[in-house]
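In mature numbering (1 follows the signal peptide of the UniProt record, and there is no 0), the protein residues as written are -21 to -1, 1 to 543.
Shown next, in the form of structure tokens:
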């Protein structure tokens, strides 16, 4: 089942009773404001909010709520996310961490079986044990308080209409159902099967329970999610799950807080790049990849050069080795971010990369400030979603949101999917006698790969933003989009469509059905083990041009971009 999941590619008033996901522009003409998301109905929700005079944050939050309805396999209020915000007037970048949190009673043995060995992923993710305290509603409220303009209630109206009137099921939703339908075949997940089990592309799905909850939240505020009737129902579903009940309590829910964190920033070429800091590993790892590539002339090599992709692959694997060893929730782990991004350390790591042969072994380095930790992989699966809004002031809200794998824990509370985000912890708490940074612990936030990113030019103006979905591939989707845009001069949509190179235990993976796959022999001659594979990709971006902002959605996805 784990292999099946990891291979899956998930990829204004509305007039019709069932809101269709009709084909729409994946890239738009320049405008003073723009929105882009992974689903046309969510993009339309963001556009409607901008046209009502809302801010980028208002529009992004409306998209997040709409995605709760139309993209339940990937994201929603039952999960968490990370938001990066740019102030268009000052250039100040700030972030909010809405990552899910382990219940206080959880321990490092959360995903160990009776024999003390890590559980198989297929056994670990369904049911209450994998559910983290959701963070998206607190994130939404905090972002709206900081940067919102329209009334709180207004942000919910597009999502409420979608849930009440119904919406047409998309291929990504139906594909998600196909992946998890063997799990739903038993009697443990009746609510999920009843709501989505018979979904066919184009058929109407209505969700009256979710509509009712969204209306309550719009009228009573975020506390109505974390306390009261919804909290009671969430706890009932999670703690009374017939599969692996959760230890979550009312205190866990009521005590959840979204956290404003300093962004992680670095330079690449002449640009300043800012992203999310831990508990997301995305920003640090993207910057480490780019930092190692700084000394190579990728612009001159060009996208058609196997050597360019070899260099990218080497930097990727070295950066992931550090990521998997040292990063975790900063409340529990001393993240050596300054050491990992120090110019001297990046030069040291980059010196391991030779243009004419593969390193072969990719061990973590020893950045300043690192403690005694050991590398161990977590089990992120390729779901999640990303969306971006830019308003007429130049404010940018770029957010990645998730419930983890297709349909999260498979549990439904009041019409929304409960996440399985705790499976992003590393199941084995120790390796070779050393602690694992991303081990499960009560009150801890699991490490993520989400990387909502903003690029600034030398004058301090934001000129590009990108983010992606796809589990551990998120980091490389963002990194290759930045390289394609900044080094190879590609516009946003072309940068998103650039093929992906990734890796697994068997070596490099080149995206199936793309021109990059033809480089397999050349990369093998450089010493790489290479396979061709299907990679679940879904990214979104915006770019500044002299005529205004342009939005783009990944050409592999059903996502769209719309002007204000």
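Ideal Cβ positions, reconstructed from N, Cα and C, are used throughout, including at glycine.
For residue i, the residue or residues it bridges with in DSSP
i: residue 409; result: 414
i: residue 517; result: 448
i: residue 14; result: 368, 541
i: residue 184; result: 146
i: residue 532; result: 519
i: residue 432; result: 445
i: residue 74; result: 63, 240
i: residue 395; result: 392
i: residue 402; result: In DSSP, residue 402 forms no bridge with anything.
i: residue 489; result: 480, 511
i: residue 259; result: 427
i: residue 453; result: Beta-bridge pairing links residue 453 to no other residue.
i: residue 245; result: 252
i: residue 91; result: 97
i: residue 527; result: 524
i: residue 265; result: BP columns for residue 265 are empty, so no partner.
i: residue 80; result: 112
Whole-Å CB distance - residue i paired with residue j, under 8 Å assumed
i: residue 53; j: residue 364; result: 5 Å
i: residue 126; j: residue 64; result: 6 Å
i: residue 543; j: residue 371; result: 7 Å
i: residue 48; j: residue 399; result: That belief does not hold up - the Cβ atoms of residue 48 and residue 399 are roughly 20 Å apart, past 8 Å.
i: residue 77; j: residue 114; result: 4 Å
i: residue 60; j: residue 381; result: 6 Å
i: residue 226; j: residue 243; result: So it is not a contact: roughly 32 Å between Cβ atoms.
i: residue 91; j: residue 376; result: That pair is no contact at about 39 Å.
i: residue 519; j: residue 366; result: 6 Å
i: residue 122; j: residue 75; result: 6 Å
i: residue 533; j: residue 391; result: In fact, because the Cβ distance is near 28 Å, the residues do not count as touching under 8 Å.
i: residue 369; j: residue 528; result: 5 Å
i: residue 235; j: residue 72; result: That pair is no contact at about 24 Å.
i: residue 182; j: residue 147; result: 7 Å
i: residue 379; j: residue 319; result: Wrong, their Cβ atoms sit about 21 Å apart, outside the cutoff.
i: residue 133; j: residue 31; result: 7 Å
i: residue 162; j: residue 389; result: 6 Å
Check whether residue i and residue j have beta carbons under 8 Å apart
i: residue 212; j: residue 483; result: no
i: residue 406; j: residue 193; result: no
i: residue 140; j: residue 201; result: no
i: residue 176; j: residue 454; result: no
i: residue 217; j: residue 397; result: yes
i: residue 264; j: residue 299; result: yes
i: residue 439; j: residue 67; result: no
i: residue 142; j: residue 189; result: yes
i: residue 229; j: residue 137; result: no
i: residue 479; j: residue 499; result: no
i: residue 258; j: residue 451; result: no
i: residue 237; j: residue 316; result: no
i: residue 432; j: residue 100; result: no
i: residue 104; j: residue 492; result: no
i: residue 266; j: residue 245; result: yes
i: residue 552; j: residue 435; result: Nothing in the structure corresponds to residue 552, since the chain is present only between -21 and 543.
i: residue 502; j: residue 285; result: yes
i: residue 530; j: residue 449; result: no
C-beta neighbour in chain E for residue i, strict 8 Å
i: residue 386; result: Absent from the structure: chain E. Only one protein chain is present.
(request) Examine the Cβ distances between the stretch 242 to 254 and the stretch 461 to 475 and report whether three or more of them are shorter than 8 Å. (result) The stretch 242 to 254 is in contact with the stretch 461 to 475.
(request) Decide if the stretch 306 to 314 is in contact with the stretch 412 to 420; the criterion is three or more beta carbon pairs, one per stretch, under 8 Å apart. (result) Touching, yes.
(message) If we require 3 or more residues per run, which beta strand (DSSP E) segments fall completely within the stretch 317 to 388?
(response) 364 to 369, 375 to 381
(request) Specify whether the stretch 320 to 330 and the stretch 266 to 281 touch according to this definition: at least 3 beta carbon pairs, one from each stretch, less than 8 Å apart. (result) yes
(message) Could you check whether the stretch 276 to 295 touches the stretch 494 to 510, counting it as contact only if at least three pairs of C-beta atoms, one from each stretch, sit closer than 8 Å?
(response) yes
(message) Does the stretch 14 to 34 come into contact with the stretch 339 to 349, if we say contact requires no fewer than three beta-carbon pairs (one atom in each stretch) closer than 8 Å?
(response) no
(request) May I ask you to verify whether the stretch 524 to 539 touches the stretch 19 to 34, counting CB pairs closer than 8 Å and requiring at least 3? (result) yes
(request) Taking 8 Å as the threshold, find out whether the stretch 71 to 89 comes into contact with the stretch 419 to 437 through three or more Cβ pairs. (result) yes
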